[in-house]
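First residue of the sequence shown? That's 9 in our numbering, and the numbers climb one at a time after it.
Ideal Cβ placement from N, Cα and C applies to all residues, glycine included.
What follows is a single structure, written as structure tokens, with notes after it.
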Amino acid sequence: MDLFDNLIDDHRLILGVLDAMERFIGKVEAGAELDLVELNRFAVFLREFVDLVHQEKEETLLFPAMARLGYAKGGAPIAHVHAEHEREHKLIFELRQIVVRDRPFSSTKRARIVGLVHEIVAFLREHIRKENELLYPTVKSEFSGQTLEDITKKLWTGEQAERRIVEDAWLRTLATELASAHGK
Ligand SMILES: [Fe+2]
Ligand SMILES: [Fe+2]
């Protein structure tokens, strides 16, 4: 599995959790009680996996490799994808702040949570679609076999490798649990 296969596999996992989160918030909109423990589990996955693990791979492995290939750091597509990562970070940060706040929530706050979850789901789906369909295939076709092999190796090596492997496994389990707890 090369770097791009790994990133696409992350996307598949993230999309599964987004589907689950959409079903979860759909029930809240239909009148179910807002389960904050469950919302917090989604927030943990979004922060730990999407915001940290996955985006870090793109920001610290993919983008520098693209820059070495000649892509300008301040130009498209790196700057565009980076700006979207910043937007994702802000949305997820707002959710993280909300889930640890005192309750009960006002009806306004509850409506904001519902709106925020929909915003996160829509934004991430579109971001992932663009990366899968446009960014990754273009960049992959420009990498030599050796470049791809070298950056793929960096996924599971380095100082924090052991810790990353353990956390990655835990987050994948959490994603599976969320998807099955909020299945169709
Ligand atoms: Fe991304
Ligand atoms: Fe991505």
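Closest in alpha carbon position to ARG133, among ARG20, LEU70, GLN105, GLY39, is ARG20. Sequence-distant Cβ neighbours of PHE50 in its own chain, meaning closer than 6 Å and more than five residues away, are MET29. SER114 and THR146 have their C-alpha atoms roughly 47 Å apart.
Around the beta carbon of MET74, 16 or more other beta carbons sit within 10 angstroms, so the residue counts as buried. For GLU64, the distance from the CB to the nearest heavy atom of ligand 1 is not below 7 Å.
Ranking LEU142, LEU60, ILE159, LEU103 by CA distance to the CA of ASP176 puts LEU60 first. HIS19 sits in a helix when the DSSP states are folded into three classes. Rounded to whole angstroms, the separation of the alpha carbons of HIS93 and ARG180 is 21 Å.
Proximity of the beta carbon of HIS126 to ligand 1 is not indicated: no heavy atom of the ligand is located closer than 7 Å.
Remark: the C-beta of HIS97 is outside contact range of ligand 1, defined as less than 7 Å to any heavy atom. Taking non-hydrogen atoms of ligand 1 into account, the C-beta of HIS93 is found less than 7 Å away from one of them. Proximity of the beta carbon of VAL25 to ligand 1 is not indicated: no heavy atom of the ligand is located closer than 7 Å. Look at LYS192 here: in three-state DSSP terms it is coil, with no helix or strand label. Here MET74 carries a helix assignment [DSSP, helix/strand/coil].
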